[in-house]
Amino acid sequence: MAATTPVRYIRVKPLVNLFAPAVRAYGNIAIVGTVTQPSAEQSEKQQQAEQAEASETPQVIIEPNKATLFTDVSQARAEAPGNLGDAVALALVQEPGPSAVWGVRLDANQDLDKAFAVVATLDVQFVVLANTPLTGGATPTPAIVKLAEYVASPALDGMERMGVAMLGKGDYDPTVVAGKLSTERMIYVAHKSAEDVAAAVAGTVAGYEPHVSMLLKKVKVTSDPFTAQELLTLNGTETPDGGPAGKNVNWLVNPPLIPGEGIYLGEGYTGASGPEDKKYIDIVRTVDDITFRLKAQLIQTIGSLRISRSGLRALVAETEAVLEPLRRREVIEGYETVVPALVLLDKPQLSTTEQKLLDTIKRERAVEVMVKVVYAGAIHRLNITLRFE
Numbered sequence: 002m003a004a005t006t007p008v009r010y011i012r013v014k015p016l017v018n019l020f021a022p023a024v025r026a027y028g029n030i031a032i033v034g035t036v037t038q039p040s041a042e043q044s045e046k047q048q049q050a051e052q053a054e055a056s057e058t059p060q061v062i063i064e065p066n067k068a069t070l071f072t073d074v075s076q077a078r079a080e081a082p083g084n085l086g087d088a089v090a091l092a093l094v095q096e097p098g099p100s101a102v103w104g105v106r107l108d109a110n111q112d113l114d115k116a117f118a119v120v121a122t123l124d125v126q127f128v129v130l131a132n133t134p135l136t137g138g139a140t141p142t143p144a145i146v147k148l149a150e151y152v153a154s155p156a157l158d159g160m161e162r163m164g165v166a167m168l169g170k171g172d173y174d175p176t177v178v179a180g181k182l183s184t185e186r187m188i189y190v191a192h193k194s195a196e197d198v199a200a201a202v203a204g205t206v207a208g209y210e211p212h213v214s215m216l217l218k219k220v221k222v223t224s225d226p227f228t229a230q231e232l233l234t235l236n237g238t239e240t241p242d243g244g245p246a247g248k249n250v251n252w253l254v255n256p257p258l259i260p261g262e263g264i265y266l267g268e269g270y271t272g273a274s275g276p277e278d279k280k281y282i283d284i285v286r287t288v289d290d291i292t293f294r295l296k297a298q299l300i301q302t303i304g305s306l307r308i309s310r311s312g313l314r315a316l317v318a319e320t321e322a323v324l325e326p327l328r329r330r331e332v333i334e335g336y337e338t339v340v341p342a343l344v345l346l347d348k349p350q351l352s353t354t355e356q357k358l359l360d361t362i363k364r365e366r367a368v369e370v371m372v373k374v375v376y377a378g379a380i381h382r383l384n385i386t387l388r389f390e
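Using the numbering used here, you'd call the opening residue of the sequence shown number 2 and step up by one each time.
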């Protein structure tokens, strides 16, 4: 009988990069608001109910200026009764919903600066003031102005935020969004609802990936419809062959062309009004997301790669590792990476000025990288011409 030949397995020693790029959530929300303390009679009834149901753990109202992560509606309403709990609950019930919702209770002085200091430590992308409508006039709601200033101020890498605010019930005057309120970091919504629309819209936006347009995305609230004239006031008059007019304010609508009943976002505008500002929510979110991805990937090269042909080509490869998957998923249309130092290193002969520039780059150990990304927006208007013959 022939001897059996032993099987020889190939052993592979894997190389693992322990410093994997950081991951930034795209759907976390921080809601700041007030809590209603129960009266003595309510507290006594609550204690009796808790004693009657021994299996239940007594709920404790959250402390002021302390971030609390909420995971379900009952927890939000029990631990933060009032405006804050209602807003958190409304954000949580959206479908698709946010990744996480944090609640920050205002103190007795309703000091927003202290609350925002707490929010600054959280991994969130959206900030909402519970049940705080933006009203017009000579002095717009001070709290919303402060929110706009907060989200528009320079942030640490990966901590860029957007604020979400609602107009007063039935208000449809977009001119209220002016001055400091006019920023691409804010989202404004007009409505005819008795609910906290800002919290609901924040939950809706947070449920989608950054590149997804917010036009005609469903919001789980109840709201009466705007009239055609009111919508013209909100959005402006559009030409048949032109794009969305837009006046920085979105609205809630129940489109007759969509089967069934439901409330949807009528547009996806930011609060920006400048010609160079980003007009749509998905553009702001996508830029934030790509910027973070690139920084998280490229920080690994600092202190490792050298200012040489091979080192800078590896740097370009690192950027492609981030951008190419996004191109294949059609998040972006294309991209281009330019490293001026690499262009100089690839030249067979440098001029005196170019050699001095390269020497400066090597001496200062600072390399400039320019990344160009081509982004294709979603369709927001269709112009259909029917011809019968």
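Note that the Cβ used here is the ideal one computed from N, Cα and C, for glycine as well.
Alpha helix (DSSP H) segment containing residue i, residue limits
i, result
"residue 251", "No alpha helix (DSSP H) holds residue 251; the beta strand (DSSP E) holding it covers 251-254."
"residue 233", "229-236"
"residue 284", "282-299"
"residue 391", "Residue 391 lies beyond the range of the chain shown here (2 to 390); nothing can be said about it."
"residue 85", "84-93"
Any non-hydrogen atom of the ligand SAM within 7 Å of residue i CB
i, result
"residue 354", "No copy of the ligand SAM appears in this structure; indeed no ligand is present at all."
Residues that DSSP places opposite residue i in a beta bridge
i, result
"residue 337", "373"
"residue 129", "32 and 165"
"residue 1", "Examination of residue 1 is not possible in this model, given that the chain is present from 2 through 390 alone."
"residue 217", "In the DSSP output, where bridge partners are listed per residue, residue 217 has none listed."
"residue 270", "281"
"residue 265", "219 and 254"
"residue 135", "168"
Assigned exposure category for residue i - 16 Cβ within 10 Å defines buried
i, result
"residue 99", "buried"
"residue 126", "buried"
"residue 26", "exposed"
"residue 277", "exposed"
"residue 357", "exposed"
"residue 54", "Unreliable placement is indicated for residue 54, whose pLDDT of 48 sits below 50; no coordinate value is reported for it."
"residue 163", "buried"
"residue 208", "buried"
"residue 224", "buried"
"residue 38", "exposed"
"residue 1", "This structure gives no information on residue 1, because the portion of the chain shown stretches from 2 to 390."
"residue 394", "Because the chain spans 2 through 390 in this model, residue 394 falls outside it and cannot be assessed."
"residue 268", "buried"
"residue 112", "exposed"
"residue 334", "exposed"
"residue 241", "exposed"
"residue 51", "For residue 51, the predicted model reports a pLDDT of 49, less than 50, meaning its position is unreliable and no value from the coordinates is stated."
"residue 251", "buried"
Nearest residue (CA-CA) to residue i, options the options
i, options, result
"residue 217", "230, 202 and 229", "202"
"residue 35", "160, 221 and 132", "132"
"residue 383", "243, 118, 265 and 322", "243"
"residue 294", "273, 310, 322 and 80", "322"
"residue 270", "236, 368, 365 and 240", "236"
"residue 256", "229, 280, 272 and 238", "229"
"residue 80", "103, 289 and 325", "103"
"residue 167", "180, 247, 159 and 195", "195"
"residue 90", "360, 30, 116 and 252", "30"
"residue 341", "368, 292 and 211", "368"
"residue 158", "23, 251 and 309", "23"
"residue 275", "378, 186, 266 and 375", "186"
"residue 97", "221, 113 and 284", "221"
Extent of the continuous beta strand (DSSP E) run through residue i
i, result
"residue 387", "Unbroken run through residue 387: none, as it is neither H nor E."
"residue 151", "Here residue 151 belongs to no beta strand (DSSP E); instead the alpha helix (DSSP H) covers 143-153."
"residue 190", "187-191"
Alpha helix (DSSP H) segments (min. 4 residues) lying fully within the segment 319-366: Runs of the alpha helix (DSSP H) lying entirely within the segment 319-366, each at least 4 residues long, are 341-347 and 353-365 in chain order.
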